[in-house]
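Below is one structure, written out as structure tokens; comments come after it.
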Amino acid sequence: MFVQKKNRLQSGNSGDDTKRKTFTVKSIARKAEKIKIVIQQPGEISQIIEIPNTLKAFQQAVGGCIEVINLGNGLIGVIDEEGRIKDKKANIDYYGSDIRGTVVITAADGESFRSLTTSEIQSARTYLMKNSIGG
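Taking my numbering as reference, the numbering of the sequence shown is continuous, increasing by one, and the terminal residue is 193.
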């Protein structure tokens with residue numbers, strides 16, 4: 059539960075102040091820092107870019123509502139959930155099914171996306187090279 063008090067948000071259980079945390083609005087806004095991702099358009103070579111860590115930025119990157127897929131080795135794929143319906147070009151093979159449209163690869167800490175490390179970037183680019191369709 060979050061309760062807004064002026065410029066502060068508090069989370070915790072009612073009546074249990076020992077588990078209550080206070081976040082300022084400014085500190086929550088920092089969550090939108092830019093993160094390093096790998097992005098690949100269909101038929102193109104992957105690129106390393108930085109984008110804001112926001113839902114809107116990921117939606118813009120893939121061109122629609124996002125769907126998250128597990129690529130293994132700690133990598134998370136973010137794709138357009140309607141890529142096939144929109145008749146986007148095939149990009150990568152994912153367990154025998156073609157993923158259509160732009161693919162963004164990131165990693166996660168719990169339920170939040172985070173920047174890729176140098177070794178994760180290499181793993182992401184290798185994954186994309188091995189699984190690319192066409193191009």
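We put the beta carbon where it would ideally sit given N, CA and C, even for glycine.
Predicted model, so just to flag it, every value in this text is computed and none were measured.
If you count every other CB in all the chains shown that lies within 10 Å of the CB of residue i, and 16 or more means buried, which is it?
i	result
Gln105	exposed
Thr184	exposed
Gly192	exposed
Gly168	exposed
Gly135	buried
Ile93	buried
Ser170	exposed
Asn71	Below a pLDDT of 50, predicted positions are generally treated as unreliable, and Asn71, at 41, falls in that range; no measurement from the model is reported.
Gly141	buried
Lys114	exposed
Ile97	buried
Ala166	exposed
Look at the Cβ atom of residue i, then the Cβ atom of residue j, and state whether they are nearer than 8 Å.
i	j	result
Ile163	Ile95	yes
Ile150	Ser190	yes
Ile137	Gly101	no
Gly122	Glu139	yes
Please report the residue range of the alpha helix (DSSP H) in which residue i lies.
i	result
Gln180	176-189
Tell me which residue opens and which closes the beta strand (DSSP E) that residue i is part of.
i	result
Ile103	Careful: Ile103 lies outside any beta strand (DSSP E) and carries neither H nor E.
Ser170	170-172
Problem set entry | beta strand (DSSP E) runs wholly inside the segment 105-159, at least 3 long, in chain order | 105-110, 124-130, 133-138, 148-152, 155-158
Exercise. Can at least three beta-carbon pairs, one atom from the segment 148-161 and one from the segment 172-179, be found at a separation below 8 Å?
Worked result: no
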